[in-house]
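Q: If you scroll down you'll find the structure; I have some questions about it.
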Amino acid sequence: MYTEINKKIYDLQEKLRIKEKLESLKKMAESELNKKRDQLEELKKQLKKEEKDVEKLEGTSFSSIFLSLTDKKDEKLDKEREEYLTAKLKYEECIGAIEEIEKELDYANTELHKYIGVKEDYDKAMKEKENLILNEDSDKGRRLREKLDRINEIKLDIKEIHEAIVAGKRANKSLSKMRKKLDSAKGWGVWDMLGGGFISNVAKHSAIDEANEISHEVQHLLKAFQKELSDVNKFTDIRVNISGFATFADFFFDGFFVDWFVQSKINNSIDNVDNVINKVEGIVGNLDGHLNSLNSELINLEAEAKNILEM
Numbered sequence: 004m005y006t007e008i009n010k011k012i013y014d015l016q017e018k019l020r021i022k023e024k025l026e027s028l029k030k031m032a033e034s035e036l037n038k039k040r041d042q043l044e045e046l047k048k049q050l051k052k053e054e055k056d057v058e059k060l061e062g063t064s065f066s067s068i069f070l071s072l073t074d075k076k077d078e079k080l081d082k083e084r085e086e087y088l089t090a091k092l093k094y095e096e097c098i099g100a101i102e103e104i105e106k107e108l109d110y111a112n113t114e115l116h117k118y119i120g121v122k123e124d125y126d127k128a129m130k131e132k133e134n135l136i137l138n139e140d141s142d143k144g145r146r147l148r149e150k151l152d153r154i155n156e157i158k159l160d161i162k163e164i165h166e167a168i169v170a171g172k173r174a175n176k177s178l179s180k181m182r183k184k185l186d187s188a189k190g191w192g193v194w195d196m197l198g199g200g201f202i203s204n205v206a207k208h209s210a211i212d213e214a215n216e217i218s219h220e221v222q223h224l225l226k227a228f229q230k231e232l233s234d235v236n237k238f239t240d241i242r243v244n245i246s247g248f249a250t251f252a253d254f255f256f257d258g259f260f261v262d263w264f265v266q267s268k269i270n271n272s273i274d275n276v277d278n279v280i281n282k283v284e285g286i287v288g289n290l291d292g293h294l295n296s297l298n299s300e301l302i303n304l305e306a307e308a309k310n311i312l313e314m
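When we follow our numbering, the leftmost residue of the sequence shown carries the number 4, and every step to the right adds one.
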């Protein structure tokens, strides 16, 4: 009797959690989308400005002719081209981020339709359980209810922690791929400085382009991991310290791609990736420990509930 109603309540609790997470995802996505769209407009203006600066120096304007006479045109042009490249990469990265957020928003809206009426069904099931309790107020019934309630709670916590662990492992797998590409760019960069010439230069930039592609995946997966950690903190008694990690993706990818063109910056980028890999591994290891403890507690509680039922 209690087992059946608790199973029903557990299923509805799980659906309620999913619904709440989807609503949170939708709210965050809408807010982030508005920010990114505003940012895109600013980046577009900056890109046009940098493009005009390059065109001026490549043309026959007074400033271009003057700089040619002072032998500073090439130096100035290189600087303006670098600033244009920086603006272009940031603009393209922002477009990619907007596309990802729009996908998340579409997903959240589609999935939320599946959970219409879940709260009403949950309230109805809880009322049904309340009536059962009022009709059978025995010591055995109370002890069984306590065990079954805790079993439901643990199962939901295990699900949250497992989702966070999976998200963390996915993020680290992608970070490791980026690390290999950075190592490749670093190696070719050293060869280039030793006189490797055209081939090493092309190979280095090829590795940078590949790492750039992976970076979008890394950013998306890190934010997904951050969201799962927030859910663990919100829905369970476990507290995961994510200070300094929550803003990593935005901070890390701000102008990151252009830094790769400088050898010393490639080394700094590798150090940053290593730091995040270590932090993610530490959090996942901590969650694994909690997961093992909860699984052990669940086994014991299920055995105790079975004993009560068999008495």
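Idealized CB from N, CA, C, for every residue including glycine.
Buried or exposed: where does ASN278 fall if 16 or more other Cβ atoms within 10 Å of its Cβ makes it buried?
A: By the neighbour-count rule (16 or more Cβ atoms within 10 Å), ASN278 is not buried but exposed.
Q: Could you check the C-alpha separation between ILE311 and GLU300 for me, to the nearest Å?
A: For ILE311 and GLU300, the distance between alpha carbons rounds to 17 Å.
Q: Would you report the Cα separation of ASP81 and ASP56, rounded to the nearest angstrom?
A: Each residue's Cα considered, the two are about 11 Å apart.
Q: DSSP on ASP144, reduced to helix/strand/coil?
A: The sequence as given places Gly at residue 144; Asp does not occur at that position. Of the three classes helix, strand and coil, the one that applies to GLY144 here is helix, per DSSP.
Q: Could you check what DSSP says for ARG242 in three-state terms: helix, strand or coil?
A: Residue state, collapsed to three classes: coil.
Q: Please say whether LYS10 and ILE104 have beta carbons closer to each other than 8 Å?
A: For ILE104 and LYS10, no; Cβs fall outside 8 Å.
Q: Within the chosen definition, does the region 167-185 reach the region 281-300 through at least 3 CB pairs nearer than 8 Å?
A: Flag = yes, the region 167-185 and the region 281-300 touch.
Q: Given a threshold of 16 other Cβ atoms within 10 Å of its Cβ, counted over all protein chains shown, does ASP142 qualify as buried or as exposed?
A: When all chains shown are included, ASP142 counts as exposed.
Q: For ILE12 versus ALA128, is the C-beta distance shorter than 8 Å?
A: Cβ atoms of ILE12 and ALA128: closer than 8 Å.
Q: Hey, is the region 108-115 in contact with the region 22-29, meaning 3+ C-beta pairs nearer than 8 Å?
A: At 8 Å Cβ cutoff, the stretches touch.
Q: For the candidate residues LYS48, ASP152, GLY120 and THR239, whose alpha-carbon lies nearest to that of LYS91?
A: LYS91 has its Cα closest to that of LYS48, out of LYS48, ASP152, GLY120 and THR239.
Q: Please return the same chain residues whose Cβ sits closer than 7 Å to the Cβ of MET181, not counting the five positions on each side in sequence.
A: Taken in chain order, the residues that qualify are ALA214, ILE217, SER218, VAL221 and VAL276.
Q: Keeping to the same chain, check which residues put their C-beta closer than 6 Å to that of GLU231; ignore five residues upstream and five downstream.
A: Answer for GLU231: GLU166, ALA167 and ALA170, listed in chain order.
Q: Can you look up ILE311 in the DSSP assignment and give me helix, strand or coil?
A: In the structure shown, ILE311 sits in a helix (DSSP, three-state: H, G or I).
Q: To which residues of the same chain is LEU50 closer than 7 Å at the C-beta, ignoring the five residues directly before and after it?
A: ALA90, LYS91 and TYR94, listed in sequence order.
Q: With the cut-off set at 8 Å, would you say VAL243 and GLU163 are in Cβ contact?
A: The answer is no: Cβ separation not under 8 Å.
Q: For GLU83 and LEU60, which I take to be in contact (beta-carbon distance under 8 Å), what is that distance rounded to the nearest angstrom?
A: That belief holds up - the Cβ atoms of GLU83 and LEU60 are roughly 6 Å apart, short of 8 Å.
Q: Restricting to Cα atoms, I'd like to know which of GLU86, LEU290 and LEU15 is closest to VAL121.
A: For VAL121, the nearest C-alpha among the options comes from LEU15.
Q: So, with DSSP's three-state summary, where would you put LYS22?
A: The answer is helix: DSSP assigns LYS22 an H, G or I state.
Q: Can you tell me which of ARG146, ALA227, GLU149 and ASP152 puts its alpha carbon nearest to the alpha carbon of ARG173?
A: Comparing Cα-Cα distances from ARG173 to each of ARG146, ALA227, GLU149 and ASP152, the minimum goes to ALA227.
Q: Write down the C-beta distance between VAL283 and ASN175 rounded to the nearest angstrom, noting that I regard them as a contact closer than 8 Å.
A: That pair is a contact at about 5 Å.
Q: For LYS309 and LYS29, what's the separation of their Cα atoms in angstroms?
A: Using only the alpha carbons, I get a separation of about 41 Å.
Q: To the nearest angstrom, report how far apart VAL185 and HIS223 are at their CA atoms.
A: The sequence as given places Leu at residue 185; Val does not occur at that position. Near 19 Å, if we compare the C-alpha coordinates of HIS223 and LEU185.
Q: Apart from the five residues on each side of it in sequence, which residues of its chain come closer than 6 Å, Cβ to Cβ, to GLU107?
A: For GLU107, where only same-chain residues beyond five positions count, the Cβ hits under 6 Å are ALA32.
Q: Using the C-alpha atoms, what's the distance from ASN155 back to LEU19?
A: Each residue's alpha carbon lies about 13 Å from the other.
Q: Report, in whole angstroms, the separation of the C-beta atoms of THR239 and ASP124, which I expect to be a contact under 8 Å.
A: Not a contact, Cβ separation roughly 23 Å.
Q: Classify ILE104 as helix, strand or coil using the three-state DSSP reduction.
A: Helix, per DSSP.
Q: List the whole-angstrom C-beta distance separating ILE8 from LYS132, where the pair is believed to meet the contact cut-off of C-beta under 8 Å.
A: Their Cβ separation, rounded to whole angstroms, is 5 Å, which keeps ILE8 and LYS132 in contact under 8 Å.
Q: For ASN270, which of ILE241, LEU225 and SER187 has the nearest alpha-carbon?
A: Of the candidates ILE241, LEU225 and SER187, the one whose C-alpha sits nearest the C-alpha of ASN270 is SER187.
Q: Please report the distance separating the alpha-carbon of ILE306 from that of THR6.
A: Reading off the sequence shown, one finds Ala at residue 306, where the question assumed Ile. Taking the straight line from one Cα to the other gives about 14 Å.
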